[in-house]
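Taking it in order: structure first as structure tokens, then the write-up.
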Ligand SMILES: Cc1ncc(C[n+]2csc(CCOP(=O)(O)OP(=O)(O)O)c2C)c(N)n1
Ligand code: SF4
Ligand code: SF4
Ligand code: SF4
Ligand SMILES: [Mg+2]
């Protein structure tokens, strides 16, 4: 169950932005919106850390920082390792009576490259050791900061500079790794998915992730207009379509028990509301080649994969 | 502290700590289009504030107004696209 925390939109608007203006993310960057929203949901003193990537680079161009809370960066693969260290240090300081705060929350932010790929061992280890922290994966589905290379989070058929679309190859030939399910398999207390378009759901899940004892993992879809070759004004709309097409369903798993979240429940109860993947794909230039006759079959494969994963999820949520 | 004045290596904070708030770096000149707000149409749902990647829109409780900070707005147009009642329209910079 997500948090019981109740709030109105205006109460959230009145909370100070802890991820501040003046950062250098591109216009229309949804990962920036995600960072702002996540920090709007914190409940007290909090320390954050980022893996190397767009949000780390654009938020801390020396000597400037967009972080109004304590923040640290070390390397690409180390977001979860940093969080482990911070949490352990806080425990020791508390024991030695050297900090006054009753409790300090720890949030690690990682991109898809920093989470699905290079940071997975640090993350897996931190979760296995049971550190009390929230890991937020902002998923823009490629290594954007270094110029749009494919990652384990890049979806089937997407163009990137290392999964090019040419005459023979229709973008990335492999599927997106089901990272959130992999985290559930760690038997950790809380795993959830979120989209900035459904911001109340996102905020409650962040709060829940902080409330649980032990590690929590939040996988947030975060459109990147630069790498997705999409209209910057459509970043939130695309993150909404990701849910409405069931490409990125919203759910949470508390102690391994899956349940669908409200925005996706709509699609389960009234399947006629579920949109086709074509609507989602056609808003993004990275899938443009799929609309050529020779590659149209890939769209069919994408739809099949979405359907298969969706039905598997419904099964886990005990909805048939 | 003046961010423009370069520090020598003896003065910079340890571990490369960034010490200047990003708010002293203005990104407003990135934009081509600027959002123009229609107070009459606006219902104060504050969605534009929530979705703006740059925190360039705030809700002022005392006057119940949406304040657009053009010093930071990059002109992405998310606020216009997401406003449920079309109370925001993007206008080319330099045009009235
Ligand atoms: C060990 C190591 N390898 C490679 C890099 C170069 N590098 C910096 S950021 C980045 C990509 C980050 O991708 P992702 O985690 O998806 O974040 P995004 O930039 O997309 O937000 C890479 C490859 C690095 N900093 N460290
Ligand atoms: S490349 Fe993408 S993720 Fe990176 S700052 Fe630009 S829009 Fe944001
Ligand atoms: S145009 Fe983009 S940056 Fe400017 S206020 Fe609207 S959402 Fe924010
Ligand atoms: S989204 Fe539109 S209606 Fe809502 S507060 Fe902004 S301008 Fe007003
Ligand atoms: Mg990425």
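Protein chains in written order, with the working numbering: chain A, 1 to 320; chain B, 321 to 416. Here a beta-carbon is modelled for each residue, glycine too, at the ideal position from N, C-alpha and C.
Query                                                                                                                    : Result
Integer-rounded CB distance, given that residue 112(A) should sit under 8 Å from residue 137(A)                          : 7 Å
Cutoff 8 Å: residue 20(A) Cβ touching any chain B Cβ                                                                     : yes
C-alpha gap between residue 394(B) and residue 145(A), whole angstroms                                                   : 19 Å
Stretch pair the stretch 224-239 of chain A + the stretch 276-288 of chain A: three plus CB contacts closer than 8 Å     : yes
Buried or exposed by the 16-neighbour rule on C-beta atoms within 10 Å, applied to residue 245(A)                        : buried
Residue 408(B) Cβ short of 7 Å to ligand 4 heavy atom set                                                                : yes
The beta strand (DSSP E) enclosing residue 237(A), as first and last residue numbers                                     : Careful: residue 237(A) lies outside any beta strand (DSSP E), inside the alpha helix (DSSP H) at 235-244.
C-alpha distance - residue 396(B) paired with residue 376(B), whole-angstrom precision                                   : 11 Å
Pick from 193(A), 314(A), 71(A), 109(A) that is closest to residue 267(A), judged by C-alpha positions                   : 314(A)
C-beta contact flag for residue 220(A) and residue 34(A) at 8 Å                                                          : yes
Uninterrupted beta strand (DSSP E) stretches inside the stretch 38-99 of chain A (no shorter than 3 residues)            : 46-50, 71-73
Cα-Cα separation between residue 363(B) and residue 126(A), rounded to whole angstroms                                   : 45 Å
Interface flag, residue 69(A) vs chain B, CB-CB below 8 Å                                                                : no
7 Å Cβ cut-off: residues of chain A touching residue 402(B)                                                              : 236
Chain-ordered chain B contacts of residue 12(A) [CB-CB under 8 Å]                                                        : 366, 370
Status (buried if at least 16 other CB within 10 Å, exposed otherwise) for residue 49(A)                                 : buried
Beta-bridge pairing of residue 255(A) - partner residues as DSSP gives them                                              : According to DSSP, which records beta bridges pairwise, residue 255(A) is partnered with nothing at all.
6 Å Cβ shell around residue 319(A) - same chain, five flanking residues per side excluded                                : 268
Given residue 176(A) as reference, the closest of 196(A), 248(A), 189(A) once Cα atoms are compared                      : 248(A)
Distance cut-off 7 Å: residue 374(B) Cβ against heavy atoms of ligand 3                                                  : yes
Closer than 7 Å at the beta carbon, the chain B residues around residue 63(A)                                            : 323, 338, 339, 340
Residue 175(A): contacting residues in chain B (beta-carbon distance under 7 Å)                                          : Simply none; closest approach about 29 Å.
Inter-stretch contact at 8 Å, needing at least 3 Cβ pairs: the stretch 142-156 of chain A / the stretch 46-64 of chain A : yes
Chain A contact residues for residue 329(B), given Cβ-Cβ distances below 7 Å                                             : Simply none; closest approach about 13 Å.
C-alpha distance - residue 9(A) paired with residue 370(B), whole-angstrom precision                                     : 8 Å
Any chain B beta carbon closer than 8 Å to residue 228(A)                                                                : no
Cβ-heavy atom distance, residue 135(A) to ligand 5, below 7 Å                                                            : no
Interface residues of chain A facing residue 394(B) [CB-CB closer than 7 Å]                                              : 27
Any C-beta of chain B under 8 Å from that of residue 36(A)                                                               : yes
Close Cβ partners of residue 223(A) (< 6 Å) along its chain, the five nearest in sequence each way excluded              : 30, 235, 238, 239
Contact with chain B by residue 33(A), beta-carbon distance below 8 Å                                                    : yes
Three-state secondary structure (DSSP) of residue 159(A)                                                                 : coil
Contact belief for residue 119(A) with residue 110(A) at Cβ below 8 Å, rounded distance in angstroms                     : 6 Å
Residue 226(A) in three-state terms, based on DSSP                                                                       : helix
Contacts of residue 9(A) in chain B (Cβ-Cβ under 8 Å)                                                                    : 365, 366, 367, 370
Under 8 Å between C-beta atoms of residue 171(A) and residue 117(A)                                                      : no
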